[in-house]
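One rule links them: number in the working numbering = place in the sequence shown (from 1) + 4.
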Amino acid sequence: MIKFEHGRFIFNAGILKIIACEGRGPETGAVSVRFTVLGSGSAGNCSLLETPSARILIDAGFSGRQIRSRLEKIRSSHEGIDAVLVTHEHSDHTRGLNVIGGKWQVPVFANRMTREAIESGLKAEVSWKQFSSGDSFFIGDVEVESFCLPHDAHDPVGFLLKTPGGTIGILTDLGHSNPLVLQKARESDVLLLETNYDNEMLKADVKRPWQTKQRIMSRHGHLSNDQAAELLGEIGCERLKHLFLGHLSRDCNTTELAVATVEGRLSGMGMSHIPVECLCQETPGSTVTLEILQSPQQTEGGQLVLF
Ligand SMILES: [Zn+2]
Ligand SMILES: [Zn+2]
Numbered sequence: 005m006i007k008f009e010h011g012r013f014i015f016n017a018g019i020l021k022i023i024a025c026e027g028r029g030p031e032t033g034a035v036s037v038r039f040t041v042l043g044s045g046s047a048g049n050c051s052l053l054e055t056p057s058a059r060i061l062i063d064a065g066f067s068g069r070q071i072r073s074r075l076e077k078i079r080s081s082h083e084g085i086d087a088v089l090v091t092h093e094h095s096d097h098t099r100g101l102n103v104i105g106g107k108w109q110v111p112v113f114a115n116r117m118t119r120e121a122i123e124s125g126l127k128a129e130v131s132w133k134q135f136s137s138g139d140s141f142f143i144g145d146v147e148v149e150s151f152c153l154p155h156d157a158h159d160p161v162g163f164l165l166k167t168p169g170g171t172i173g174i175l176t177d178l179g180h181s182n183p184l185v186l187q188k189a190r191e192s193d194v195l196l197l198e199t200n201y202d203n204e205m206l207k208a209d210v211k212r213p214w215q216t217k218q219r220i221m222s223r224h225g226h227l228s229n230d231q232a233a234e235l236l237g238e239i240g241c242e243r244l245k246h247l248f249l250g251h252l253s254r255d256c257n258t259t260e261l262a263v264a265t266v267e268g269r270l271s272g273m274g275m276s277h278i279p280v281e282c283l284c285q286e287t288p289g290s291t292v293t294l295e296i297l298q299s300p301q302q303t304e305g306g307q308l309v310l311f
């Protein structure tokens, strides 16, 4: 059951409720998890996850100054960040690593091939935390699950971020979906999904040479609006509570086209209640607050049961 109260979405059926999808989360005093995309597009990507025991950046595709100012804009801070997770080496995901990993001394989590691809171009000494694609590891109370993506980088990954309030999927920079990708998307309560281009706009674009267009459209390029909609159709979206559309091309897509394509598909599936928010390059999106619904039930081991 979903209630709308003063602009808040409250989901009673799942393991979480999502409140305050507009603007910043209210100070409820309750244990909560907050997720904000600081910006997303072909020219830069960076998100922030905050839980009771961890503050994690996902990608660092803006300058350090930009990331700092966007964190301040959402009433957060660049101080005390525990980790930056890197999906792959492309500059729209790594531009700020000199500052974040160097000056701010935030540990940088990446797989070996991504690390090697980035390291030679870094001026700063950074503290690397290396994982293998497919590994799961904890940062505070967040279980980070990495999984391989088909994209034209050395060893690109997506992430499932399993928090005490629910699971967030990071799924950008992939040329097509496959059973592994679908499985991870299906597990997400909140999903950041790539809608990179509109087919017709890309074909009509005069700035890009044919080879570049072919790369974007290839099985190791990016997801189009239609492909993202198809992916949503395949996963069924029964668990999905909030959908962010990201990594839009400036020249070959529009917010209206991406949203219309995806909402059309969700509506056809009877899932038009799922909030869809299209992100942009210039400014942070809404903060989604995942508040843990605490049950009076306790397991035998004394652990709280979430419902
Ligand atoms: Zn990218
Ligand atoms: Zn990329």
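Built from N, CA and C at the ideal position, the CB exists for glycine as well.
Buried versus exposed call for residue i [16 or more other C-beta atoms within 10 Å across all chains shown]
i, result
"Glu295", "buried"
"Phe142", "exposed"
"Thr216", "exposed"
"Gly84", "exposed"
"Gly240", "exposed"
"Glu204", "exposed"
"Val90", "buried"
"Gly272", "exposed"
"Ser73", "exposed"
"Trp108", "buried"
Own chain partners of residue i with C-beta closer than 8 Å, once the 5 adjacent residues on each side are dropped
i, result
"Leu178", "Leu153, Pro154, His155, Pro160, Gly162, Val185, Glu198, His226, Leu227"
"Ile78", "Arg28, Thr40, Leu42, Leu52, Pro288, Thr291"
"Glu267", "Ser276, Val280"
Spatial neighbours of residue i in its chain, beta-carbon cut-off 7 Å, leaving aside the 5 residues before and after
i, result
"Gly125", "none"
"Glu129", "Gly106"
Short CB-CB distance (under 8 Å) between residue i and chain B
i, result
"Arg269", "The displayed structure is made up of one protein chain only, and chain B is not part of it."
Close beta carbons around residue i, own chain, < 6 Å, minus the five adjacent residues each side
i, result
"Pro168", "Asp145, Ile296"
"Leu312", "The structure shown has nothing for residue 312, since the chain only spans 5 to 311."
"Ser137", "Asn115, Ser150, Cys152, Asp159, Val161"
"Glu345", "Here the chain comprises residues numbered 5 to 311, so residue 345 is not present and cannot be evaluated."
"His92", "Thr118, Ala157, Pro160"
"Ala233", "Thr265, Val266, Arg269"
"Leu283", "Val41, Ser44, Phe248, Gly250, Gly289"
Proximity to residue i [Cα-Cα], best of the options
i, options, result
"Thr322", "Ser36, Glu238, Asp63", "Residue numbering for the chain in the displayed model covers 5 to 311; residue 322 lies beyond these limits and cannot be assessed."
"Asp96", "Gly43, Gly84, Gly106", "Gly43"
"His82", "Met117, Leu89, Val103, Ser253", "Val103"
"Gln231", "Ser73, Asp202, Arg254", "Asp202"
"Glu242", "Ser222, Leu195, Glu123", "Leu195"
"Glu281", "Met273, Thr265, Leu89", "Thr265"
"Asn229", "His251, Glu93, Arg38", "His251"
"Gln134", "Arg59, Val88, Val210", "Val88"
"Asp86", "Thr258, Val110, Glu76, Gly170", "Val110"
"Ser46", "Asn257, Cys284, Ser253", "Ser253"
"Asp209", "Thr293, Ala121, Cys256", "Cys256"
Cβ-heavy atom distance, residue i to ligand 4, below 7 Å
i, result
"His158", "What this structure holds is ligand 1 and ligand 2, not ligand 4."
Next on the checklist: Check whether the stretch 48–68 and the stretch 270–278 touch, using three or more Cβ-Cβ pairs below 8 Å as the test.
Outcome noted: no
Item to check | Residues surrounding ligand 2 [beta-carbon distance to nearest heavy atom under 5 Å] | outcome: Those residues that bring their Cβ nearer than 5 Å to a heavy atom of ligand 2 are His94, Asp177.
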